[in-house]
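Chains as they are written, first to last, in UniProt numbering: chain A, 1 to 394; chain B, 1 to 394. Note that CB positions come from ideal geometry on N, CA and C, so glycine has one too. Note that the structure is a prediction, hence the values are computed from the model and not measured. I have placed the structure first, in the form of structure tokens, so that the comments after it can refer back to it.
There are 2 protein chains.
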Amino acid sequence: MISKEMYELGSKKSTIRAIAEYAEKQAKVVGKENIYDFSLGNPNVPAPEYIKETIIDILNNEDSCSVHGYTAAYGDPESRELVAKSLNKRFGTNFSGKNLFMTAGAAASISICFKALGERDDEFIAFAPYFPEYKCFVESTGSKFVAVKANVSDFQINFSEFDKRINEHTKAVIVNSPNNPSGAVYSEKTIIKLADILKQKEKEYNHPIFLISDEPYREIAYDNVEVPYLPKYYDNTLVCYSYSKSFSLPGERIGYIVVPNEIIDFDVIFAAIAGAARVLTHVNAPSLFQKVVARCAGLPSDISTYENNKDILYNGLIEAGFSCVKPDGAFYLFPKSLEADDEAFCEKAKKYNLLLVPGKDFGCPGHFRAAYCIKTSTIEKSIPLFKKLAEEYK
Amino acid sequence: MISKEMYELGSKKSTIRAIAEYAEKQAKVVGKENIYDFSLGNPNVPAPEYIKETIIDILNNEDSCSVHGYTAAYGDPESRELVAKSLNKRFGTNFSGKNLFMTAGAAASISICFKALGERDDEFIAFAPYFPEYKCFVESTGSKFVAVKANVSDFQINFSEFDKRINEHTKAVIVNSPNNPSGAVYSEKTIIKLADILKQKEKEYNHPIFLISDEPYREIAYDNVEVPYLPKYYDNTLVCYSYSKSFSLPGERIGYIVVPNEIIDFDVIFAAIAGAARVLTHVNAPSLFQKVVARCAGLPSDISTYENNKDILYNGLIEAGFSCVKPDGAFYLFPKSLEADDEAFCEKAKKYNLLLVPGKDFGCPGHFRAAYCIKTSTIEKSIPLFKKLAEEYK
Chain A
1 MISKEMYELG
11 SKKSTIRAIA
21 EYAEKQAKVV
31 GKENIYDFSL
41 GNPNVPAPEY
51 IKETIIDILN
61 NEDSCSVHGY
71 TAAYGDPESR
81 ELVAKSLNKR
91 FGTNFSGKNL
101 FMTAGAAASI
111 SICFKALGER
121 DDEFIAFAPY
131 FPEYKCFVES
141 TGSKFVAVKA
151 NVSDFQINFS
161 EFDKRINEHT
171 KAVIVNSPNN
181 PSGAVYSEKT
191 IIKLADILKQ
201 KEKEYNHPIF
211 LISDEPYREI
221 AYDNVEVPYL
231 PKYYDNTLVC
241 YSYSKSFSLP
251 GERIGYIVVP
261 NEIIDFDVIF
271 AAIAGAARVL
281 THVNAPSLFQ
291 KVVARCAGLP
301 SDISTYENNK
311 DILYNGLIEA
321 GFSCVKPDGA
331 FYLFPKSLEA
341 DDEAFCEKAK
351 KYNLLLVPGK
361 DFGCPGHFRA
371 AYCIKTSTIE
381 KSIPLFKKLA
391 EEYK
Chain B
1 MISKEMYELG
11 SKKSTIRAIA
21 EYAEKQAKVV
31 GKENIYDFSL
41 GNPNVPAPEY
51 IKETIIDILN
61 NEDSCSVHGY
71 TAAYGDPESR
81 ELVAKSLNKR
91 FGTNFSGKNL
101 FMTAGAAASI
111 SICFKALGER
121 DDEFIAFAPY
131 FPEYKCFVES
141 TGSKFVAVKA
151 NVSDFQINFS
161 EFDKRINEHT
171 KAVIVNSPNN
181 PSGAVYSEKT
191 IIKLADILKQ
201 KEKEYNHPIF
211 LISDEPYREI
221 AYDNVEVPYL
231 PKYYDNTLVC
241 YSYSKSFSLP
251 GERIGYIVVP
261 NEIIDFDVIF
271 AAIAGAARVL
281 THVNAPSLFQ
291 KVVARCAGLP
301 SDISTYENNK
311 DILYNGLIEA
321 GFSCVKPDGA
331 FYLFPKSLEA
341 DDEAFCEKAK
351 KYNLLLVPGK
361 DFGCPGHFRA
371 AYCIKTSTIE
381 KSIPLFKKLA
391 EEYK
């Protein structure tokens, strides 16, 4: 009657959805204020005031048909130029508008890239822990998703495991830094090593291997840690960006793909991206927000709330006896679960109304994700509960 | 290196894109004011003032994290309820929010439906003249696109041709009324006959056949012509809607799918739609505009400009000797070309800087499309040129 595959993708409850439903039910029992929901990556910092001001300014001063009308498939030319200029200023790159394909955010960007590049028998590699949707996005294009085991000591790339997975079918490698869920930022050393391996493998297999940089958390990086800009290290890079996190606009579906001039065949790649956007019905990213983000591109994001939350939660968990790699970015902690079975651990945490996501979901069992983009007071009140939970394991 | 299929979809210049490039080049020769570009379906009526007021009101009075945050995959619950209520008021239906899946507009809605329903060997039928993108959207899901020849006498459904095309592989039938490009509105008689045939064929083939109503032009209907609401005539209907035309918001990517309770298995269909939206990365339609259209749902669209343009162009063309079915809706005329080869005709029209789209693109050769969502003065100035063009054929 319908596509079984789509039915399964739509009916299987994701862990996070199951947690959301549990949270709602449990809130009725113990009160919403006693639920410590660390499961969702929804920014809790309001969009900067300049976003609102820019929207109102555009509405008051620009022509309605131009603000709300169709843009070209790849985006409004002026917005593309402004975004390119902002990137050049920050990263010393040499982009122009033609290097930008405006999209409805990071998920759209990466799925367009997968669809543009992938053919049957192709493989896309991601490093655990990884965003779980990669798998179904890649598989829906007919390609194969390949996961590389995590390096749990620091969540940089596990190169010995990578070496086992890369092969002549590898079409692309996905990098997500700052990382969801580990909060790790890949160091320049890691990126240089990765680029070197890819260049060598391109020669060995005699075909390009693309590097897809999924970087919605780029601006959420702490203590001035450097987040290397990948096109500077590797020519065959596609940058997938979203303004969801930096401008707290996740619902507005706005971002872009960068296709650098240095890529192996710009015109062919750009055309394939346009074709993929067409059949995924992702041409013409939301037009008002194309203008808004272009005008605001490069303006500072306020990450002080996240930084404060991170410190409170990280210190609290360490004090409680948890073991956790200190994150350099994003808004997640990814500590070790206190028993090997991370699902059992997260079940046990529910006793204290601590709602956590098992690491297994991110291809990295034995850990759990705690998103700290929530109220600071909720985090503060949760620390004694984490301590009680840890007590049970002593 | 990349997906050949996507490259072809992205690199082949569509007729309309080719015309746009020609228009730009030719404008440099003869001046922009002397180009009569009838090729684009981009509304030229500004969005109603209440849209702007609603956006500003929401920005000033609602919580930023709720306005710009993630909504549920299927949309903001309150927006879904408001849209359902507005539909019930207009059509006497009995929808609630759960019948609505908010989407990024009509193209997203129909491609989600194709992906949700279609399996290999399935066939999707559309009636010529049809929106050309149907074909690549259907084919990208792995299903087959089947076109039914036009009834050129009135552009209602050609039932004898339909009878030749419907078969046991038919998964769904796509209806687009008011129609792009013919401007025809399918009468209640047509819809009843279509529904009767589908019910009978469902029995004969012993499986459901879905009716997909692609209706972004619903509100653009003239002289109080009735546009039948399809779920009232046929249970297995999915309604795909966009606010692009009624609110002049084509760039904002906002619309919905209605899944009625009466459909054969609501939970299964809705889940398949959710799954398709997931892999097409179309979960969570743009959040601000979900709220905006929900608050404005049911408010009147100003179609007076289109109606006036239609009358001027229609009367001018008839006077010039063209033959054309008078449209009841949308903002296109679809006259007969003055020679059998519609492409040659449109080439010849370029001599007068009249830019028209051949009917062949819509599966209906021997005709051309003229979009009249352009400046009234441009239309007025074009009439003598159409007359000169017609003179050439006398």
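Measure the C-alpha to C-alpha separation of residue i and residue j and round it to an integer number of angstroms.
i                      : j      : result
B/N151                 : A/I273 : 37 angstroms
A/L198                 : A/E262 : 15 angstroms
A/S140                 : B/S248 : 33 angstroms
B/A27                  : B/Y314 : 25 angstroms
B/S304                 : B/I374 : 13 angstroms
A/G359                 : A/K85  : 39 angstroms
A/S382                 : A/K98  : 48 angstroms
residue 397 of chain B : A/N61  : Not covered by the structure: residue 397 of chain B. The range shown for chain B is 1 to 394.
A/L338                 : A/E24  : 26 angstroms
A/V185                 : A/D328 : 6 angstroms
B/A271                 : B/G75  : 14 angstroms
A/S160                 : A/I264 : 27 angstroms
A/A104                 : B/E252 : 11 angstroms
A/P231                 : B/N44  : 40 angstroms
A/I2                   : B/E123 : 12 angstroms
B/L238                 : B/P228 : 14 angstroms
B/L320                 : B/Y352 : Note that residue 320 of chain B is Ala in the sequence shown, not Leu. Answer to the nearest angstrom: the Cα atoms are 14 angstroms apart.
A/G316                 : B/R278 : 36 angstroms
B/E343                 : A/A195 : 50 angstroms
Based on DSSP bridge pairs, tell me the residues matched to residue i.
i      : result
B/T170 : B/E123
B/H367 : B/K336
A/T237 : A/L211
B/D196 : DSSP lists no partner for B/D196.
B/L230 : Paired residues: none, contrary to the question.
A/Y36  : A/L354
B/G329 : B/A221
B/L100 : B/V258
B/V175 : B/S213
If you follow the beta strand (DSSP E) that residue i is part of, which residue opens it and which one closes it?
i      : result
B/T214 : It should be noted that the sequence gives Asp, not Thr, for residue 214 of chain B. Here the beta strand (DSSP E) through B/D214 covers F210 to D214.
B/Y256 : G255 to V258
B/F145 : K144 to V148
May I ask which residues mark the beginning and end of the alpha helix (DSSP H) holding residue i?
i      : result
A/I20  : In the sequence on display, residue 20 of chain A carries Ala and not Ile. Its alpha helix (DSSP H) spans residues T15 to V30.
A/F162 : F159 to R165
A/A116 : A106 to L117
B/V138 : E133 to S140
A/Y314 : S304 to A320
B/K245 : First-last for B/K245: undefined, no H or E at that position.
A/L82  : P77 to F91
Report buried or exposed for residue i, applying the criterion of at least 16 other Cβ atoms within 10 angstroms of its Cβ.
i      : result
B/N284 : buried
A/G92  : exposed
B/K171 : buried
A/D121 : exposed
B/S182 : buried
B/V30  : exposed
A/A340 : exposed
B/S109 : buried
A/N236 : buried
A/I19  : buried
A/D214 : buried
B/V225 : exposed
Going by C-alpha distance, which of the options is nearest residue i?
i      : options                           : result
A/N180 : A/Q200, A/F210 and A/Y134         : A/Y134
A/A147 : A/C136, A/N206, A/A128 and A/V138 : A/A128
B/Y7   : A/S242, A/K13 and A/V268          : A/V268
A/I191 : A/E215, A/I157 and A/N224         : A/I157
A/Y241 : A/P228, A/K232, A/D235 and A/Y256 : A/Y256
A/N94  : A/V258, A/I125, A/S14 and A/P77   : A/V258
B/F386 : B/K32, B/S3, B/F38 and B/G10      : B/F38
A/S244 : A/H207, A/I35 and A/Q290          : A/Q290
A/P365 : A/P132, A/L59 and A/D57           : A/P132
At a cut-off of 7 angstroms, would you count residue i as near the ligand NAP, judging by its Cβ distance to the nearest heavy atom?
i      : result
A/K171 : Of the ligands one can find in the structure shown there are none, so the ligand NAP has no counterpart to examine.
Against chain D: residues of the stretch 143-172 of chain B by CB proximity under 7 angstroms: Judged by its chain identifiers, the structure shown contains no chain D, and its protein chains are A and B.
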